[in-house]
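See structure below.
Residue numbers (the UniProt record's numbering): 1 to 129.
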């Protein structure tokens, strides 16, 4: 049986009357990006509690210099939580919590010719209250 358990009583699926319910707010942010230098570009910065915020999203790399890559870095303050690498034509899909910002950094000799270009779409969810 699945469901939640409250006061050592198992509840049937869909009957969660005694379990605490948390209401979440959901936003959506979609934009294109262009990287011409090797300076990390912040594409998202969190202004709520990172342990209670869940972010789903996609980041794509549509074009860039031949053989180049873009590093997608999830940071908690200045500490790197995770880094993923995108090649031209690739996309990254994720759902994460525990970070405060996302940066994109192109590799290779700058200025990048052609520039790295792509799109990101992020959906943060955070509790009310």
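Beta carbons: idealized from backbone N, C-alpha and C, even for Gly.
Let's see if you can read the secondary structure: which residues bound the beta strand (DSSP E) around residue i?
| i | result |
| --- | --- |
| residue 207 | What the structure shows of the chain is the stretch from 1 to 129, and residue 207 is not part of that stretch, so it cannot be assessed. |
| residue 27 | Here residue 27 belongs to no beta strand (DSSP E), and DSSP marks it neither H nor E. |
Please report how far the alpha carbon of residue i lies from the alpha carbon of residue j, in whole angstroms.
| i | j | result |
| --- | --- | --- |
| residue 91 | residue 48 | 26 Å |
| residue 60 | residue 78 | 24 Å |
| residue 56 | residue 76 | 16 Å |
| residue 50 | residue 86 | 24 Å |
| residue 94 | residue 63 | 21 Å |
| residue 12 | residue 126 | Legend: pLDDT at residue 12 = 46, less than 50; position of this residue unreliable, no value from coordinates given. |
| residue 72 | residue 42 | 10 Å |
| residue 1 | residue 44 | Any reading at residue 1 must be qualified, since the residue scores a pLDDT of 42, below 50, and its modelled position is unreliable; no value is offered. |
- Inspect the CB distances between the region 65-72 and the region 20-31 and report whether three or more fall short of 8 Å. no
- Mind listing, in chain order, the continuous alpha helix (DSSP H) runs of no fewer than 4 residues lying wholly within the UniProt domain "Endospore appendages core" (17-128)? none
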